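Protein chains in written order, with the working numbering: chain W, 572 to 934; chain C, 572 to 934; chain D, 572 to 934; chain Y, 572 to 934.
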């Protein structure tokens, strides 16, 4: 790539926005040239705008310190400044929809970490390793909306990455999943700032994350779905039941999975081989954020662990361990992924890279 | 009870031993009159013996400060001092067996928090609410060993209390459990001192507790079993599959349960009614450690939580919440119990009270 | 005491209010007969009012579950229901002053855990062990305000208990303090709910608690002050400099102290003897909340520790340890007290007991 | 530098050893070519040797996975493999001295993170920003020991970095420090694995780190000392008194400082200017690990915080904040540094770079 593509970040001052800032420093394809946030940040430099609320470790990267923050609602400011935008805002569903629609209607590709459009049938919700073909719904979406260049693509909820890719690896080998139970032990960074109270997470866990179980059960159906008659049709064949809990962990979502196959059932060593030898489409496409090994299987009996494994593959790998037979279903295992990297900003960047690779985002 | 029964504590200086000391202060039926530990503590007062390693909150109770600690291996020291002993030691399985056998053979009832004898068919493993009738194996055990007065009774592993009693309440109403998956989020106090490293439990969880899953799956079979032909025969009809994880919580084991019934299936309100109206045999027998409500159902969507609910019913209640339908099985819920109180020392004290009530322990 | 004195709690639904509820269960002198909170809680039973926000461990005590919560601003509701009120509300300074004045003007003794009146010269700010004689300002206060029966007495900030009583014990022996530096490591429960973010207190500490250092430096001056010409005159002779930090601890404030004496300097053993033999006025007066030992000196080199020592003396003792020479001043030591018990609700209850004992609160 | 210098790591499998491995990946000057540890690791690849005990976040770097680990006591194995060694072992003082002497005597520069030789007068203990001139003691050391090429240089304790450089910056401007009190809130990673118990650091802090206060008070005297008559003579003019506490933080040592100047006293803005404009000798020498800004002053009132600021300057910067007047001394402030990076492995690497720059380590 000779010239970097100009990227914007809407919601640049929030927690996920800060992760975008951090991860896009020295990105080989993208140049951050437009930052937007709420009206109260508009007109400030990025340094000023995040003064007292920069929560990502180490200092604000120098490349972005003096960039002016614009009012996100004023799309005119973006025109000419960037080719596409990442979007991660703290707004109600309708406001998110309005904002993303606004940018798409003005010709921007909107690569969104928000949930508003996740279940819309002509909006692709992408885990690039799994359903990269769903990018093909984009022309339909553009036609439906009368947009010639702009479009919206979204990433799924952070809680599902840790099991979706390991399952997909098996499904890609021809094994079919019948049903599974999931219990997540989720880090808190995804809840934004201030997020959960320390009173609730010191010497304590909270066995509820509002709305999370529903997302964990429904979003996989769309991701495993397929395009039919101009929309993405969910695959409802896998029964999933999730408990989502909040634990005293900053970053990293761990999941305990019990899974049963339908029909042919792989052996333990076949599963481990499948994971260890998993080669992802994003890696084959040369996407810069695709880790060398998307799935890492740990032989140690007490792994994966969030603090020790969340940064594997630059925070983009899925780490799996403890595969063993299950007394009720076929197998049990533990999965882990970094929720604000792979599960949010990093996942969105990988998605943007896929969209570049497929020609949907251009310089 | 006119005269208190004299009780000993073997392993009095360890973590569970310390909980016995704390919980037996002002016990209406028992007087602690004999303390034993390893040879290195022998000859010291209890205060001296736990100097620098008293880990239970607040100070060493005054009633026990000047009591002399004996060498546990010297059973002669116990004779005449107490009628029965609680036992919670950190020794290998064979050593525990030898020690408990020694005391039983010399006429002591041994109420054990150790695991060595848990799976022995003529040793009752008691959750007094559930399998109080297993005390009737004691005469068989005595006969098998040629003991006239002494015997051994054990409590199960701390990880299972949080779901066994709620399930038993339903089974007592005639519902049959077919299968269940369990994920525990366990506090660390049960691991003794020093136990898990802080390096592993700050901003982290550990998805393995060695040996715990096996105990969580096998012990319920014995507790739900029945006495046949002079031994306790396991009930293997319920399929159980457990993940056991360690979380940054001091006291309290939380469990996420997915459960499927066989045949008749209760409604949500029937389950909640059953739990709210559960009346336990220990309470009916007037055992002092039986809480007013053995099962507490929390209506709040984010409960139970370990720090907030572990002390319910003086640390002896089981707190349950989040009952809701399951996409895979019938229902999901969350259970919680205090692992060193109900799950260890408190559970053993309740068991001793049951044995008094049934005439097996006498003054 | 033949008849219990009827007590009210204003701010009964907040964190400190909940501690009052817990600590006053079975109080030998006081009966809680009046509960008040903001208008939004008025008309609900206490159980209803704290549904979903009862944060103290174990369940809402049964004695208070069905008590109706009144609107605190409607003082008429209190009349006839109680003789005095505890007050712990989350309001601005002016609103607190107005509320406390309202109750005092209507004849209620107001025993306050709020800070609004702490620096008012005719309002006693009491640590009953130290400045019990400051109760004698009450008639002046009543006269100043034209109140015949009502008055206001306040407790100091939670951060200072851990060093004030140990220092006072030495001052009572005739030693004079010249100067001291303090660094506090404070638990978070005093900040109310939700209080600090878990994002800030997992794998982290925060080296600032707004306003806390100022309180820690100024309030001791008043407590060590004396009544002159109808007001409490501060003693500004001790130089104090405080750093206040927030650490991942639920309850318990730890302080590291460096202290220099003026003139005669006690030896290490004299200090320890002084602390170990400290006999407090509240204990001599037979106040029910006064612990047997107000100061507990731990010989173990690694104590006091908040979780292990905060409940000493039923949460009312000050635990001290690590006395050793200082290279810069004379001595260094570590102190600890329970911030929501001794430092808030428990301290206020002890103060109320003192006021009963001195005849200022009557049935 | 055309050819990289070959470096060895003794104690490569321990916690600090793992940090060396991580930080030396892609180092511009050094190539890790020799790994040594205890005999039990000898003969294994590095991956095998750290299987189940790799605790640094993300995976073992690929460059070192297949490197064979040697028995550290067999110095012959090192000969020809590397030009100098980093040393960080868990051994007694005498064993460390013997081991480091062995390597020095065979011609290796030993850059040590161990404490054994810290107080030896002909061994430089270096913070390269402060006492880089102490490298000139090396020829004396070599002569004293009859070594022609080898020598030993050590880094100081991890707890002192957070205040030594900020103080030095002021001293370099001509201000003289009279006395100071320090309270550290230290992360736990420096204690090795398993290190402190989670039982002691969840909802708790420990107000003691054995031996740490002594090191914190004595080591600065040597670092501020000067070479006289063939040895480093301590500067004992600054009175220092330290409390060292352990807090639930993985990495990062925070310190609360109260400081008094002797004579001329800078204004607040002079201090902040001095820190903000501090230009370090290592940076001027072009040492690759020297951060752009060695001292970072945070304007936000609640900083520095360990998790958010420890990685500033790639974990090599000292972050300072909260400068304000002191009621007892002149000023108060808060400092922070990363204990296993700047305070251990990173600090040692910077020291090795200095020794290269000064010609003491050669390819």
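Built from N, CA and C at the ideal position, the CB exists for glycine as well. None of these values were measured; they are calculated from a predicted model.
Going by C-alpha distance, which of 793(W), 648(W), 735(W) is nearest residue 807(W)? Shortest Cα-Cα distance from residue 807(W) to any of 793(W), 648(W), 735(W) involves 793(W).
Quick check on the DSSP output: the beta strand (DSSP E) that includes residue 598(C) runs from which residue to which? Careful: residue 598(C) lies outside any beta strand (DSSP E) and carries neither H nor E.
Quick one, are the C-beta atoms of residue 600(W) and residue 927(W) less than 8 Å apart? Closer than 8 Å, so yes.
Going by C-alpha to C-alpha distance, which of 718(W), 617(W), 690(W), 837(W) sits closest to residue 673(W)? Put simply, of 718(W), 617(W), 690(W), 837(W) the residue whose alpha carbon is nearest the alpha carbon of residue 673(W) is 718(W).
Grouping DSSP H, G and I as helix and E and B as strand, with all else coil, what is residue 705(Y)? DSSP places residue 705(Y) in the helix class (H, G or I) of the three-state scheme.
For residue 800(D), tell me which candidate among 621(D), 707(D), 861(D) has the shortest Cα-Cα distance. Scanning 621(D), 707(D), 861(D) for the CA closest to the CA of residue 800(D) turns up 707(D).
Three-way DSSP call (helix, strand, coil) for residue 907(Y) in this model: Look at residue 907(Y) here: in three-state DSSP terms it is strand.
Environment of residue 876(C) [buried if 16+ CB atoms lie within 10 Å]: By the neighbour-count criterion, in which 16 or more other beta carbons inside 10 Å mark a residue as buried, residue 876(C) falls on the buried side.
Proximity of residue 697(C) and residue 925(C) at Cβ, strictly below 8 Å: Against a cut-off of 8 Å, the Cβ pair of residue 925(C) and residue 697(C) comes out as a contact.
Thinking just about the alpha-carbon of each residue, which of 712(D), 839(D), 603(D) is nearest to the one in residue 658(D)? It is 603(D).
Backbone CA spacing between residue 909(C) and residue 586(C) [nearest angstrom]: Rounded to whole angstroms, residue 909(C) to residue 586(C) spans 14 Å at the Cα level.
Report, in whole angstroms, the separation of the C-beta atoms of residue 819(D) and residue 699(D), which I expect to be a contact under 8 Å. Actually they are not in contact, since the Cβ atoms of residue 819(D) and residue 699(D) sit about 31 Å apart, beyond 8 Å.
Using a C-beta to C-beta distance shorter than 7 Å, which residues of chain W count as neighbours of residue 626(D)? Those within 7 Å of residue 626(D) in chain W are 770.
Count the C-beta pairs between the region 663-673 of chain C and the region 607-621 of chain C that are closer than 8 Å, then say yes if the count reaches three, no if not. Taking 8 Å as the limit for Cβ pairs, the verdict is that the region 607-621 of chain C does not touch the region 663-673 of chain C.
Touch test, the region 914-925 of chain W against the region 893-902 of chain W, Cβ-Cβ under 8 Å, three pairs minimum: The region 914-925 of chain W vs the region 893-902 of chain W: no contact.
What does the alpha-carbon distance come out to for the pair residue 621(Y) and residue 812(W)? Just so you know, the alpha carbons of residue 621(Y) and residue 812(W) end up roughly 37 Å apart.
Report the rounded CA-to-CA distance for residue 759(W) versus residue 774(C), giving the unit in angstroms. Residue 759(W) and residue 774(C): Cα-Cα distance of roughly 10 Å.
Check whether the Cβ of residue 879(C) lies closer than 8 Å to any Cβ atom in chain D. Taking Cβ atoms only, chain D reaches closer than 8 Å to residue 879(C), which makes this a yes.
Given this structure, state the Cα-to-Cα distance separating residue 745(C) from residue 732(C), to the nearest angstrom. One C-alpha to the other measures close to 20 Å.
Which class does residue 829(W) belong to by DSSP, given the choice of helix, strand or coil? In this structure, residue 829(W) counts as strand in the three-state DSSP scheme.
Against chain C, with Cβ distances strictly below 8 Å, would residue 590(W) count as a contact? Judged by the 8 Å Cβ criterion, residue 590(W) is not in contact with chain C.
7 Å Cβ shell around residue 752(W) - same chain, five flanking residues per side excluded: Within the same chain, residue 752(W) has close Cβ partners 812, 829.
Tell me the DSSP bridge mates of residue 753(C)? Beta-bridge pairing by DSSP links residue 753(C) to 813(C), 828(C).
For residue 771(C), which of helix, strand or coil comes out of DSSP? Note: residue 771(C) maps to helix in three-state DSSP.
Which whole-angstrom value describes the C-beta separation of residue 640(W) and residue 594(W), a residue pair presumed to lie in contact below a C-beta threshold of 8 Å? Cβ-Cβ separation between residue 640(W) and residue 594(W): approximately 18 Å, too far for a contact (criterion under 8 Å).
Measure from the C-beta of residue 623(Y) to each C-beta in chain W and report whether the shortest distance is under 8 Å. Residue 623(Y) has a beta carbon lying within less than 8 Å of a beta carbon in chain W.
For residue 655(D) and residue 578(D), which I take to be in contact (beta-carbon distance under 8 Å), what is that distance rounded to the nearest angstrom? The beta-carbon distance between residue 655(D) and residue 578(D), rounded to whole angstroms, is 6 Å. This is short enough to meet the 8 Å contact definition.
Taking just the CA atoms, how far does residue 826(D) sit from residue 755(Y)? Roughly 12 Å between the two C-alpha positions.
Which of helix, strand or coil does DSSP assign to residue 893(W)? In this structure, residue 893(W) counts as strand in the three-state DSSP scheme.
So, does the region 879-891 of chain D touch the region 860-869 of chain D, judging by three or more C-beta pairs under 8 Å? The answer is yes - the region 860-869 of chain D touches the region 879-891 of chain D, with three or more Cβ pairs under 8 Å.
Just mark residue 574(W) as buried or exposed, buried being the case when its beta carbon has 16 or more other beta carbons within 10 Å. Its Cβ having fewer than 16 others within 10 Å, residue 574(W) is exposed.
Mark residue 850(W) as exposed unless 16 or more other C-beta atoms lie within 10 angstroms of its C-beta, in which case mark it buried. Around the beta carbon of residue 850(W), fewer than 16 other beta carbons sit within 10 angstroms, so the residue counts as exposed.
Do we get a CB-CB distance below 8 Å when we pair residue 873(D) with the residues of chain Y? Interface criterion met: the Cβ of residue 873(D) is under 8 Å from a Cβ in chain Y.
Under the rule that 16 or more other beta-carbon atoms within 10 Å means buried, what is residue 712(D), buried or exposed? When all chains shown are included, residue 712(D) counts as buried.
With residue 576(D) and residue 932(D) assumed to form a contact (beta carbons below 8 Å), what rounded beta-carbon distance in angstroms separates them? Correct: roughly 7 Å between the Cβ atoms.
Please tell me whether residue 760(Y) has its Cβ less than 8 Å away from any Cβ of chain C. Chain C, which has a Cβ nearer than 8 Å to the Cβ of residue 760(Y), makes this yes.
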